[in-house]
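Report on one structure; see the data block that follows.
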Amino acid sequence: MKIVKIIAWIALVAFVVIQFFPVDYNQSETVPQTDFMLVNNVPATVEQSLQVSCYDCHSNNTDYPWYSKVQPSSWYLEHHIKEGKAELNFNEWGNLSDRRKNSKLRSIINQIEDGEMPLDSYTLIHRDAIFSEANKTAVIDYMNKLKDSLE
Amino acid sequence: MKTVKRTIGTMALATVVMVTVSCKDGNKNEPAKPMSNEIHQEKMDDKEDMAMDNSQDAKAEAILKDYFNLKDALVNDDNSKAKELGNTLAQSLKSFDASSYSDSEQNELNDIIEDATEHAEHIGESDIAHQREHFKTLSKDMTDMVAITGTSMTIYEQYCPMYDNNKGGAWLSMNEEIRNPYFGAQMLKCGKVQREIN
Numbered sequence: 001m002k003i004v005k006i007i008a009w010i011a012l013v014a015f016v017v018i019q020f021f022p023v024d025y026n027q028s029e030t031v032p033q034t035d036f037m038l039v040n041n042v043p044a045t046v047e048q049s050l051q052v053s054c055y056d057c058h059s060n061n062t063d064y065p066w067y068s069k070v071q072p073s074s075w076y077l078e079h080h081i082k083e084g085k086a087e088l089n090f091n092e093w094g095n096l097s098d099r100r101k102n103s104k105l106r107s108i109i110n111q112i113e114d115g116e117m118p119l120d121s122y123t124l125i126h127r128d129a130i131f132s133e134a135n136k137t138a139v140i141d142y143m144n145k146l147k148d149s150l151e
Numbered sequence: 001m002k003t004v005k006r007t008i009g010t011m012a013l014a015t016v017v018m019v020t021v022s023c024k025d026g027n028k029n030e031p032a033k034p035m036s037n038e039i040h041q042e043k044m045d046d047k048e049d050m051a052m053d054n055s056q057d058a059k060a061e062a063i064l065k066d067y068f069n070l071k072d073a074l075v076n077d078d079n080s081k082a083k084e085l086g087n088t089l090a091q092s093l094k095s096f097d098a099s100s101y102s103d104s105e106q107n108e109l110n111d112i113i114e115d116a117t118e119h120a121e122h123i124g125e126s127d128i129a130h131q132r133e134h135f136k137t138l139s140k141d142m143t144d145m146v147a148i149t150g151t152s153m154t155i156y157e158q159y160c161p162m163y164d165n166n167k168g169g170a171w172l173s174m175n176e177e178i179r180n181p182y183f184g185a186q187m188l189k190c191g192k193v194q195r196e197i198n
């Protein structure tokens, strides 16, 4: 019993201690001119889908949930957002060359078609980020159209 | 006594947590990788000196060689080999130096290399279906690169109209004979020579 108590104390102290470690929050007030929505003429429904399902990890501004204030979940989120932005940042779309856009669009289409994006770990809590069949088709059709216009 | 032990234990744990965190930050920088990159680059530079003129072509040629090896792994349906060769290709691409080309060629080349590197890296960590998807775009990048750098090899641009839901897919090969990297054993000889480079 004593051991259990000690472990519980240790865990509690550790939990408190890690709360003091700083986190880089991914937040920005301004939307740059290079944003996907500003560069392209995106239909409202597609824009809505992308904002809700993709922009949290693929832009410079995350709409943080309450648990992002609590460690260690903030580290987990920080890591995911960093990775997501490295792969694709919708805010910087206009900076990409046609070749890069083409490659990115290809990946976007494939990942959504295969159901790899949005991530399961993300939709577990963000239920509204799950694409409905209609939204999924609309997004993929739009991305395909955009891709064809580049080729 | 017990309280003292407990306090010490707790402090020790806090230290462990802090150390773990700082280690995590340290790992992010990973100084080892860029270093091995430099070594690679030096080796390449040696070769370049020996080749005297046409120094850039030597590097483009090394990239093409890696690409052809990767293609062969896909022809053989060898997922793990393709992963390995994808990473090798990514390294060669990163060591490419476009500085001796004109400004507009440099822009184009750097763009191609950046794109190709991303595809090569993804090939390094994907299943074979994804590897082939990336290989299609990678092949386009390689074709565009050769158009600028040129090559001393004779290369065949080949094409299979059935790949990617009949949208088709092209690739480069050193052999005229068709060996399909998109289907492998399933349809080894599907395709035709579209163009001969050199």
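Residue numbers (the UniProt record's numbering), protein chains in the order written: chain A, 1 to 151; chain B, 1 to 198. All C-beta atoms, glycine included, are put in the ideal place defined by N, C-alpha and C.
Taking a contact as a CB-CB distance under 8 angstroms, the pair A/SER49 and A/ASN144 does not count as one, their CB atoms being some 15 angstroms apart.
Here A/SER59 is buried, its C-beta having at least 16 other C-beta atoms within 10 Å. In chain order, ARG106 and ASN110 make up the part of chain A whose C-beta sits under 8 angstroms from the C-beta of B/GLU133.
Non-local beta-carbon contacts of A/ASN91 in its own chain, meaning distances under 6 angstroms to residues more than five positions away in sequence, involve PRO32, ASP35, SER59 and ASN60 in chain order. Against B/ILE112, the close residues of chain A are ARG99, in the order they occur along the chain (beta-carbon pairs closer than 8 angstroms). Here A/TRP75 is not bridged, per DSSP, to any residue.
A/ARG127 is classed as exposed because its beta carbon has fewer than 16 other beta carbons within 10 Å across all chains shown.
When secondary structure is reduced to three states using DSSP, A/LEU88 falls in the coil class, being assigned neither helix nor strand. In this structure A/ARG99 is buried. Its beta-carbon is surrounded by 16 or more other beta-carbon atoms within 10 angstroms. Fully enclosed beta strand (DSSP E) runs of no fewer than 3 residues occupy 155–160 of the stretch 137–169 of chain B, in order along the chain.
Comparing alpha carbon positions, the residue from A/ILE10, A/SER132, A/ASP24 and A/ILE130 closest to A/TYR64 is A/ASP24. For the UniProt domain "Haem-binding" (12–147) of chain A, residues whose beta-carbon sits nearer than 7 angstroms to a beta-carbon of chain B comprise VAL13, ALA14, VAL17, ILE18, PHE21, SER97, ARG99, ARG100, SER103, ARG106 and ASN110. Judged by beta-carbon spacing, B/GLN158 lies beyond the 8 angstroms limit of B/ILE128, meaning their Cβ atoms are not closer than that value. Chain A has a Cβ within less than 8 angstroms of the Cβ of B/GLU118.
The Cβ of B/THR149 sits no closer than 8 angstroms to any Cβ of chain A.
Secondary structure remark: continuous alpha helix (DSSP H) runs of at least 4 residues inside the UniProt domain "DUF3347" (63–153) of chain B, in chain order: 79–94, 103–123 and 128–149. For B/ASP115, the neighbours in chain A by C-beta distance under 7 angstroms run, in chain order, ARG99, ARG100 and SER103. At a cut-off of 8 angstroms between C-beta atoms, B/THR143 does not count as an interface residue with respect to chain A. Listed in chain order, the non-local C-beta contacts of B/THR137 below 8 angstroms within the same chain comprise ASP115 and HIS119, local neighbours out to five positions each way being set aside. In the three-state scheme derived from DSSP, where H, G and I count as helix and E and B as strand, A/GLU116 is classed as coil. Within the UniProt domain "Haem-binding" (12–147) of chain A, complete alpha helix (DSSP H) segments of at least 4 residues are found at 36–39, 44–53, 73–87, 98–113 and 120–123, given in chain order. Chain-ordered, the chain A residues with CB closer than 8 angstroms to the CB of B/THR137 read ASN102, SER103 and ARG106. Restricting attention to B/TYR182, B/LYS71, B/ASN175 and B/ARG132, the CA atom closest to the CA of B/TYR156 is found in B/ASN175. In the three-state scheme derived from DSSP, where H, G and I count as helix and E and B as strand, B/GLU196 is classed as strand. The beta-carbon distance between B/LEU93 and B/LEU70, rounded to whole angstroms, is 12 angstroms. This is too long to meet the 8 angstroms contact definition. Each residue's CA atom was taken as its position, placing A/ILE6 and B/HIS122 some 46 angstroms apart.
DSSP lists B/GLU157 as the bridge partner or partners of B/LEU172. By the criterion of a C-beta distance shorter than 7 angstroms, A/THR123 is surrounded in its chain by ALA129 and ILE130, once the five residues flanking it on both sides are discounted. Considering only A/ASN41, A/THR45 and A/PHE20, the residue with the shortest C-alpha distance to A/ALA138 is A/THR45. If you draw a straight line from the Cα of B/ALA147 to the Cα of A/LEU88, it comes to about 28 angstroms. Apart from the 5 residues on each side of it in sequence, A/PRO118 sits with its Cβ closer than 6 angstroms to the Cβ of SER53 and ALA129 in its chain, given in chain order. Going by beta carbons, B/LYS81 and B/GLY124 fall outside the 8 angstroms limit.
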